[in-house]
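The structure appears right after this line, and notes come after that.
There are 2 protein chains.
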Amino acid sequence: MDTSCESSGRPTHPAGFFADESDLSERFPGHDSIDFPVAVVLPAGGSGERMGLATPKQFCTVFNRPLISYTIQAFERISWIENIVVVVAKESLHLMMDIIHKFCHKKVKVLLGGSSRHRSIFNGLQAFGEMPDGKSLRKPKVVIIHDAVRPFVEEDFLLRITIAAKEQGASGAIRPLVSTVIATTSEGYIDHSLERAKYRASEMPQGFVYDIIYQAYQQCSESDFEFGTECLHLALQYCGTNAKLIEGPPALWKVTYKKDLFAAESVIKDFLSQACVITTVCAESAELAHRFQKSLGARSMQVDVISGSFGNNQPLVSKTWNFIHITANIACLAEISRTVKTLHEAGQALLYPAVLILVHFSVLPHSSLTERMGQLGAIRHLAMEAKHRNILLYAILLNHNENAEQWEETVESASEITTALVKDRNPALAGQLLVA
Amino acid sequence: MDTSCESSGRPTHPAGFFADESDLSERFPGHDSIDFPVAVVLPAGGSGERMGLATPKQFCTVFNRPLISYTIQAFERISWIENIVVVVAKESLHLMMDIIHKFCHKKVKVLLGGSSRHRSIFNGLQAFGEMPDGKSLRKPKVVIIHDAVRPFVEEDFLLRITIAAKEQGASGAIRPLVSTVIATTSEGYIDHSLERAKYRASEMPQGFVYDIIYQAYQQCSESDFEFGTECLHLALQYCGTNAKLIEGPPALWKVTYKKDLFAAESVIKDFLSQACVITTVCAESAELAHRFQKSLGARSMQVDVISGSFGNNQPLVSKTWNFIHITANIACLAEISRTVKTLHEAGQALLYPAVLILVHFSVLPHSSLTERMGQLGAIRHLAMEAKHRNILLYAILLNHNENAEQWEETVESASEITTALVKDRNPALAGQLLVA
């Protein structure tokens, strides 16, 4: 992938994973009232032992992008979050700096962690005081502490955590227990089982008034630093601040095992399902575009149709990672090439691979197959170039059929292939010409 | 998919998901001593509300096969398990019977459940006593109770649960807690948090001496039936039997949310990565086959090479769901057609879609593209037929290049495409001719 950020901007607020967050201020009257500084601390020093992988899980990649970059992005896109402090182990420092650079993260400061999770968080909190290098960040009113391996946190939930923390001093996400919890004897038998309704799993994010959590860490013992698991507990013990617990959405899950990484990949793929169909002005193209829109819509893809070029559709394009070019003109590769350039310059493929599908249909029933196949070389060449820019280019060929029923079948088949390419997003098939 | 089971057998013991279980008797001396009857009860009456899906999660499909069929298969393949009693809600009865028929499950009895999980389990246990219809199953010494939505349970762990249940009266799987557990006040604040090391998540499977769990259910109260969650707790309370707790592998996870269904699909895809390369006797084919073996091996696929036809390789074939036919002869479609027939008759694609890739390479540098493209129609036709039998046929074209370096690149590209097709297993691309 091209790693140059300077030459390419990128969408300022790529959409969140689950919710349409455009109407937050209506749903949460508090939204406008975040008129105090908010920062985030992301401890990311874990070793990923549970995963059974050599790479710590926060650095495992989905679409060649480490999980921690997704988590950073989840905070970075939120306007009222000022700073994100990432705390890493010494051996991951270079890798982390590369990630920041490659994916153009802007609000991030990277610090070295301590020997335990709590020491790392405390190091992170100290970034807002006086730093030895004199470079300190503005002290936040509220600090959110989150896990690097929970990439799907949404703005609306962060807002609730932040407001509750401001009002109550501390707040934390909880979830219902999935399994019954039992106390065990040292010999491996049941001591007793807990009444599920009275307990909750304590999850992340947690929010704190900065001064409270900072004071708690200043007072806490070696044993707390070494063996404690809960920041909420420290705030309670040392500052008498009892956290407001807020039930979070299922999306707060933590990538813990290898199967969770699979799930994260699928969730991200699922999220990238909105498409934009671009047609030329000819009537046949436009008609095919609308058939595509309908057929892909029936396959749960949200599809917009643009005639001509992107033009004034920038806001639409910035929410889309799939582009379908419909054309009857085989000499359209120059146009595709322009689209690749536009997407690249807009930084559209910086965070996720963009999919670009050239749908070519012939109105002449028996135009030369050989001639069209000759284009394959050119398509493959362009696809290889595009791939370096994280844009996956595929081509689909439709033979127009006078028979309405057969034509309907061909369009359905093309739409099925399109859905497959978008869903799988497999770079190994870039440059292929598929026949509908 | 062809649903006729009568005409097609299937591998008696499809491999387990994670472990090579062939040497179980060495690792577990108890293996041979399972000389007592063992049965399974699978309560499957849940509604899947947490999933946010219309279909109860045990009936959600992966590769067009409901999750519960994977779970049934996990038990069915184990020789020392006699019977599997599946307990379903009335509205799922027909669906369940269809699943049993379609996927040729043999050891299963389906019963109607009660209004709660405990009532359903008790109904299941009664299948081994006198049934109203006079059809009772042999009473087991040990009964294993499991969740329909934990499809990845392995034989070695079931063996440990079974032996411990026989010896101690009851046994159950536990896992470390992933999150801190907190007791909450009614106002939504922390009451106290639990010391993580003293607690475990109680998971499934659980094993019981049949008479013990049956007696416990006979004695238990309406409140237990309605609100109880743990069978282990009933055995302790009513029979004084304290279960032996055994730490299970991560694979015991439960499909609870939509993202878990994504994960299940990926785990299954990951499991189906062993391939069998079939070559003709010609030297070029054999050479290419070995290059493929090496290159796919580097992509974490385990690959065996067979020369000629399946012949005596039945044991190998029965563990494989990916077949790669290498040929220089374009007139090989008859052979591919025979392979489709053989796989179908062996029931190889009954449980998972099989992938069959025709890798065609030309030693003549400039053989006619048009001629080869003419074959595309025939390949597509055959692919459509194969798809009805749950066999996904794709073709890859390689142009042999005298230049060693370029040929190396072409082979690498073919191997990359093969890996993509095997990994994605996407039926929408069946019948496509891809160019390496």
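Protein chains in written order, with this note's numbering: chain A, 2 to 437; chain B, 2 to 437.
Every residue gets a Cβ at the ideal spot worked out from N, C-alpha and C, and that includes glycine.
* Asked: When the Cα of threonine 328(B) is compared with those of Ser319(B), Leu359(B) and Ser121(B), which residue comes out closest?
  -> On the second sequence, position 327 is the one that residue 328(B) refers to. It is Leu359(B) whose Cα lies nearest to the Cα of threonine 328(B).
* To do: Compare the C-beta of glutamine 433(B) against all C-beta atoms of chain A and say whether one is closer than 7 Å.
  => Taking the first residue of the second sequence as position 1, residue 433(B) is located at position 432. Yes - at least one Cβ of chain A is within 7 Å of the one on glutamine 433(B).
* To do: Using three-state DSSP, classify aspartate 192(B) as helix, strand or coil.
  => The residue labelled residue 192(B) in the question sits at position 191 within the second sequence. Aspartate 192(B) falls in the strand class under three-state DSSP.
* **Amino acids of chain A, ordered along the chain, whose beta-carbon sits closer than 8 Å to that of glycine 189(B)** => In the second sequence, counting from the first residue as 1, residue 189(B) sits at position 188. Going along chain A in sequence order, the residues near glycine 189(B) (Cβ under 8 Å) are Lys245, Leu246 and Ile247.
* Look up glutamine 433(B) in the DSSP assignment and say whether it is helix, strand or coil. => In the second sequence, counting from the first residue as 1, residue 433(B) sits at position 432. In the structure shown, glutamine 433(B) sits in coil (DSSP, three-state: anything other than H, G, I, E or B).
* Asked: So, using beta-carbon positions, are glutamine 207(B) and isoleucine 247(B) closer together than 7 Å?
  -> Locating residue 207(B) in the second sequence gives position 206, counting from the first residue. Locating residue 247(B) in the second sequence gives position 246, counting from the first residue. Not closer than 7 Å, so no.
* Given that arginine 197(A) touches chain B, what residues does it touch there, using C-beta distances under 9 Å? -> Numbered from its first residue, the first sequence carries residue 197(A) at position 196. Chain B residues near arginine 197(A): Thr230.
* Would you say leucine 430(A) faces chain B, with C-beta separation under 7 Å as the test? -> Residue mapping note: residue 430(A) aligns to position 429 of the first sequence, counting from 1. By this cut-off, leucine 430(A) is an interface position.
* For the alpha helix (DSSP H) that contains alanine 149(B), what are its first and last residues? -> Here residue 149(B) refers to the residue found at position 148 of the second sequence. Careful: alanine 149(B) lies outside any alpha helix (DSSP H) and carries neither H nor E.
* If we cut at 7 Å on Cβ distances, does glutamate 22(B) have a partner in chain A? -> As a working mapping, residue 22(B) is identified with position 21 in the second sequence. The pLDDT assigned to glutamate 22(B) is 49, lower than 50, so where the model puts this residue is not dependable, and the model offers no usable value.
* To do: Mind reading off the beta-carbon distance from phenylalanine 226(B) to serine 117(B)? Whole number of angstroms is fine, and I expect it under 8 Å.
  => Residue 226(B) sits at position 225 when you count from the first residue of the second sequence. Residue 117(B) sits at position 116 when you count from the first residue of the second sequence. That pair is a contact at about 6 Å.
* Buried or exposed: where does phenylalanine 129(A) fall if 16 or more other Cβ atoms within 10 Å of its Cβ makes it buried? -> In the first sequence, counting from the first residue as 1, residue 129(A) sits at position 128. So phenylalanine 129(A) ends up on the buried side.
* Per DSSP, what kind of secondary structure is valine 179(B) in: helix, strand or coil? -> Within the second sequence, numbered from 1, the residue matching residue 179(B) stands at position 178. DSSP places valine 179(B) in coil when its eight states are reduced to three.
* Burial state of glutamate 7(A) (16 or more Cβ within 10 Å) -> Here residue 7(A) refers to the residue found at position 6 when the first sequence is read from its first residue. Because the pLDDT of glutamate 7(A) is 46, which lies under 50, any placement of that residue in the model is unreliable, and the question is left without a value.
* leucine 68(A) versus threonine 230(A): straight-line alpha-carbon distance, rounded -> Counting from one through the first sequence, the residue named residue 68(A) turns up at place 67. Counting from one through the first sequence, the residue named residue 230(A) turns up at place 229. Leucine 68(A) and threonine 230(A): Cα-Cα distance of roughly 22 Å.
* **Proximity winner among Tyr353(B), Glu155(B) and Ile397(B), relative to glutamine 275(B) (alpha-carbon distances)** => Start at 1 with the first residue of the second sequence, and residue 275(B) comes out as number 274. Measuring from the Cα of glutamine 275(B), the nearest candidate turns out to be Tyr353(B).
* What are the uninterrupted segments assigned as beta strand (DSSP E) that are 3 or more residues long and contained completely in the region 255 to 323 of chain B, given in chain order? -> 276 to 280 and 304 to 308
* To do: Identify each residue in the region 258 to 279 of chain A for which the Cβ-Cβ distance to at least one residue of chain B is less than 9 Å, and report them in chain order.
  => Tyr258, Lys259, Lys260, Asp261, Leu262, Phe263, Ala264, Ala265, Glu266, Ser267, Val268, Lys270 and Asp271
* **Per DSSP, cross-strand counterpart(s) of asparagine 84(B)** => Walking along the second sequence from the start, residue 84(B) turns up at place 83. Ala40(B), per the DSSP bridge assignment.
* Have a look at isoleucine 438(B) and aspartate 148(B) and give me their C-alpha separation to the nearest angstrom. => In the structure as shown, chain B begins at 2 and stops at 437. Residue 438(B) is therefore absent and cannot be evaluated.
* To the nearest angstrom, how far is it from the Cα of valine 41(B) to the Cα of methionine 385(B)? -> Counting from 1 along the second sequence, the entry for residue 41(B) is found at position 40. Counting from 1 along the second sequence, the entry for residue 385(B) is found at position 384. If you take the alpha carbons of valine 41(B) and methionine 385(B), they lie about 39 Å apart.
* To do: My understanding is that valine 438(B) touches alanine 166(B), with C-beta atoms under 8 Å, so please give their C-beta distance in whole angstroms.
  => The question about residue 438(B) has no answer here: the residues shown for chain B are numbered 2 through 437.
* How would you write the range of the beta strand (DSSP E) that leucine 398(B) sits in, first residue to last? -> As a working note, residue 398(B) is residue 397 in the second sequence. Leucine 398(B) -> beta strand (DSSP E) spans 392 to 400.
* **Cβ distance (whole Å) where valine 109(B) is taken to contact isoleucine 73(B) below 8 Å** => As a position in the second sequence, residue 109(B) is number 108, starting the count at 1. As a position in the second sequence, residue 73(B) is number 72, starting the count at 1. At roughly 6 Å, the Cβ-Cβ gap stays under 8 Å, so valine 109(B) and isoleucine 73(B) are in contact.
* Kindly list, in the order they appear in chain A, the residues whose Cβ is closer than 8 Å to that of tryptophan 254(B). => The count along the second sequence starts at 1 and reaches residue 254(B) at position 253. By Cβ distance, chain A contributes Tyr258 and Lys260.
* Asked: So is threonine 419(B) buried or exposed if we call it buried at 16+ other beta carbons inside 10 Å?
  -> By one-based count along the second sequence, residue 419(B) stands at place 418. With 16 or more other Cβ atoms within 10 Å, it is buried.
* Asked: Exposed or buried, valine 150(B), counting other C-beta atoms within 10 Å across all chains shown (16 or more means buried)?
  -> Working through the second sequence from its first residue, we reach residue 150(B) at position 149. With 16 or more other Cβ atoms within 10 Å, it is buried.
* **Status (buried if at least 16 other CB within 10 Å, exposed otherwise) for arginine 390(A)** => Here residue 390(A) is taken as the residue at index 389 of the first sequence, counted from 1. The residue is buried, with at least 16 neighbouring Cβ atoms inside 10 Å.
* To do: Going by CA-CA distance only, name the one from Leu94(A), His119(A) and Lys91(A) that's closest to isoleucine 214(A).
  => As a first step, residue 214(A) is located in the first sequence; it is residue number 213 there, counting from the start. The candidate whose alpha carbon is nearest that of isoleucine 214(A) is His119(A).
* Asked: Which same chain residues, not among the five before or five after proline 471(A), have their C-beta less than 6 Å away from its C-beta?
  -> Lying before the first or after the last residue shown, residue 471(A) is absent from chain A, which here runs from 2 to 437.
* To do: Please report how far the alpha carbon of proline 177(A) lies from the alpha carbon of glutamine 169(A), in whole angstroms.
  => Walking along the first sequence from the start, residue 177(A) turns up at place 176. Walking along the first sequence from the start, residue 169(A) turns up at place 168. Each residue's alpha carbon lies about 22 Å from the other.
* Where does serine 414(A) sit, in a helix, a strand or coil, going by DSSP? -> Counted from its first residue, the first sequence places residue 414(A) at position 413. Three-state result, serine 414(A): helix.
* Test item: CB-CB of leucine 179(B) and threonine 257(A) under 7 Å -> Working through the second sequence from its first residue, we reach residue 179(B) at position 178. Working through the first sequence from its first residue, we reach residue 257(A) at position 256. For the record, residue 179(B) in the displayed sequence is valine; it is not leucine. In this structure, threonine 257(A) lies closer than 7 Å to valine 179(B) by Cβ.
* **Span of the beta strand (DSSP E) around histidine 234(A)** => Here the question's residue 234(A) lines up with position 233 in the first sequence. Not the beta strand (DSSP E): histidine 234(A) falls in the alpha helix (DSSP H), residues 232 to 240.
* Asked: Does histidine 234(B) come within less than 7 Å of chain A when only Cβ atoms are used?
  -> Counting from one through the second sequence, the residue named residue 234(B) turns up at place 233. With 7 Å as the cut-off, histidine 234(B) counts as an interface residue toward chain A.
* **leucine 344(B) - DSSP class collapsed to helix/strand/coil** => Stepping through the second sequence from its first residue, residue 344(B) is reached at position 343. Of the three classes helix, strand and coil, the one that applies to leucine 344(B) here is helix, per DSSP.
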